[in-house]
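Heads up: the structure comes next, in structure tokens.
Chains as they are written, first to last, in our numbering: chain A, 1 to 168; chain B, 169 to 553.
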């Protein structure tokens with residue numbers, strides 16, 4: 001099938017600038033999984049299995065997935081989930097959408113709004129991460145179970161020595 | 169293929185005399201309807217390429233002067249007569265004009281998706297479900313002067329109010345003031361919340377804010393300034409406010425705009441700037457936006473760039489090929505962390521109120537992050553009125 005010259009020109013006009021712009025992804029040299037320079041204070045590691053402790057959840061879930069939107073001064077619902085600020089934003093903090101529920105209620109995952117949101121059971125709004133399952137994967141059940149286990153254990157900030165491990 | 173209307177994009181610029189006359193009559197009719205609506209307002213909305221393609225202000229098709237879902241009478245008629253490949257004759261019912269009584273206007277969008285996601289080192293997933301279902305309503309308390317507007321997201325999940333505001337027009341419909349909860353005026357209001365420019369700026373359809381917006385519309389200029397809580401929908405928790413302003417200059421074949429936002433929050437100071445625009449080259453409508461964001465609420469302080477270049481090719485009547493290339497540098501001070509996203513989407517509108525979309529997206533980021541390197545394919549059914 002031979003395309004008309006003008007159609008070929010349109011296709012070339014479309015393709016060249018778009019491809020030029022889309023050919024600049026970073027090599028990742030010297031960075032951890034979350035794009036932070038290795039060896040700096042901002043690098044939490046970000047590799048290895050997810051475990052039921054806060055730092056692991058931060059590195060494997062909050063930073064790479066949630067903080068793509070929930071970061072900075074204009075984070076949705078005012079909830080920042082970036083490194084260093086997320087704990088104080090969620091543990092024993094009332095949710096904005098259902099203020100009668102804490103985002104994380106230590107010891108009670110069923111009544112923790114963040115858990116309800118990632119399970120798709122919340123009374124208001126859509127399941128998180130935003131767009132899941134239609135534009136990005138939902139958290140797998142193993143990861144959700146680990147977050148529930150961390151909440152059930154009292155949602156401690158420090159790493160627990162004996163935590164459940166699941167390979168992603 | 170059995171398709172009606174224009175044979176292909178190559179014929180777009182070859183008009184005979186009758187076609188020119190029909191085009192003039194059609195456009196005159198549309199412009200007349202536009203004047204009837206008296207709602208010529210601001211910037212591009214969910215599909216800003218349509219505004220670029222037609223050369224009209226996007227507010228010509230949407231009630232919300234700074235972007236929003238409910239269509240004007242002109243928008244409803246345009247979507248039924250100009251967008252579909254074939255217009256089904258509705259007989260005595262005529263065209264849907266959005267009116268539900270003399271005071272009420274209603275509308276809605278339903279997007280149902282089937283998506284296949286291939287993420288490296290993870291199980292491939294496929295799923296179907298409602299991506300977005302919204303209903304809109306507006307009440308004209310004083311005709312062409314005082315309106316009440318609601319945008320309610322019905323699904324997925326529990327019902328959630330997205331916009332609710334009152335709007336007063338004055339100064340011969342050249343000024344308005346809006347108060348309540350609304351989307352902030354910043355950059356191109358793309359339908360895709362996950363476009364890097366919308367995700368990085370955190371101004372999209374998931375982050376309405378509460379406050380007031382003042383708008384000015386004069387000739388080719390549209391401008392808004394909004395003073396809001398700066399909490400992206402959360403309750404106010406500080407004395408600082410977010411100031412967001414946007415201005416765009418619109419000509420028939422192109423448009424260019426600037427946006428700026430300053431949010432003084434308890435956790436830090438966030439500043440954003442954007443330059444955006446569009447141009448029409450034959451059957452292709454181009455969109456572009458570049459954003460710079462600096463945020464001191466993050467540690468280390470964040471400074472990032474996001475860019476978008478999009479081409480929309482009307483290769484046949486009722487068909488649009490959308491190619492989008494995006495760029496994100498999430499931390500300017502960190503090397504080798506840039507990301508790309510490339511999308512190819514075929515939008516087919518066979519009849520009025522119905523659109524299908526088939527698309528592919530390729531994410532390209534640092535190799536050690538699987539999610540940044542996923543691939544998506546999707547099919548979407550879009551019903552709208």
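Cβ atoms here follow ideal geometry from the backbone N, Cα and C, with glycine treated the same way.
Keep in mind that this is a model prediction, so the values were computed, not measured.
When the Cα atoms are used, residue 122 of chain A and residue 112 of chain A turn out to be separated by approximately 10 Å. Scanning chain B for C-beta atoms nearer than 8 Å to the C-beta of residue 27 of chain A yields 504, 534, 535, reported in chain order.
When secondary structure is reduced to three states using DSSP, residue 311 of chain B falls in the coil class, being assigned neither helix nor strand. Within chain A, 25, 26 have C-beta atoms less than 8 Å from the C-beta of residue 507 of chain B, given in sequence order. A direct Cα-Cα distance of roughly 13 Å separates residue 270 of chain B from residue 241 of chain B.
For residue 125 of chain A, the nearest beta carbon of chain B is closer than 8 Å to its own beta carbon. With a cutoff of 8 Å on beta-carbon distance, residue 483 of chain B and residue 489 of chain B are scored as near each other. Residue 326 of chain B is not a Cβ neighbour of residue 154 of chain A, given a cutoff of 8 Å.
Under a criterion of Cβ atoms nearer than 9 Å, the residues of chain A adjacent to residue 431 of chain B are, in order, 72, 73, 74. Nearest Cα to residue 307 of chain B within the set B:457, B:273, B:410: B:273. Per DSSP, residue 518 of chain B is one residue of the beta strand (DSSP E) stretching across 507-519. Sorting B:218, B:232, B:262, B:277 by C-alpha distance to the C-alpha of residue 521 of chain B places B:277 at the top. Interface residue (Cβ-Cβ distance to chain B less than 8 Å): residue 69 of chain A is classified as such.
Residue 378 of chain B places its beta carbon less than 8 Å from that of residue 397 of chain B. From the beta-carbon of residue 119 of chain A, no residue of chain B is found nearer than 9 Å; the closest lies around 11 Å away. Taken in chain order, the complete alpha helix (DSSP H) segments of 4 or more residues contained in the segment 215-271 of chain B are 216-222, 241-249. Taking 8 Å as the cut-off, the beta carbon of residue 505 of chain B is found closer than this to the beta carbon of residue 534 of chain B. Under the three-state reduction of DSSP, residue 397 of chain B is assigned to coil, being neither helix nor strand.
Against chain B, the beta carbon of residue 80 of chain A has neighbours under 9 Å at 435, 465, 466, listed in chain order.
Taking C-beta atoms as the reference points, residue 348 of chain B and residue 332 of chain B count as a pair closer than 8 Å.
Shown here, residue 119 of chain A sits in a helix according to DSSP, grouped into three states. DSSP assignment within the segment 447-507 of chain B yields the following whole beta strand (DSSP E) runs of 3 residues or more, N-terminal first: 452-463, 470-484, 487-497. For residue 265 of chain B, no Cβ of chain A is located within less than 8 Å of the residue's own Cβ. Excluding residues up to 5 positions away in sequence, 477, 510 lie with their Cβ nearer than 6 Å to the Cβ of residue 493 of chain B in the same chain. When Cβ-Cβ separations below 8 Å define contact, residue 525 of chain B makes no contact with chain A. Residues of chain B whose Cβ lies closer than 8 Å to the Cβ of residue 139 of chain A do not exist; the shortest such Cβ separation is about 11 Å.
Closest by C-alpha distance to residue 88 of chain A, out of A:131, A:104, A:138, A:36, is A:104.
The three-state secondary structure of residue 377 of chain B, taken from DSSP, is strand. Looking at the DSSP output, residue 437 of chain B bridges to B:432. From the beta-carbon of residue 85 of chain A, the residues of chain B found nearer than 9 Å are 435, 465, 466, 467.
Between residue 364 of chain B and residue 545 of chain B, the beta carbon gap of about 20 Å keeps them out of contact (Cβ cut-off 8 Å). Among the residues facing chain A, residue 297 of chain B is included, as its CB has a counterpart in that chain under 8 Å away. Annotation for residue 216 of chain B: 226, 356, 357, 358, 446, 455 place their beta carbon closer than 8 Å to its own, counting only its chain and skipping 5 residues before and after.
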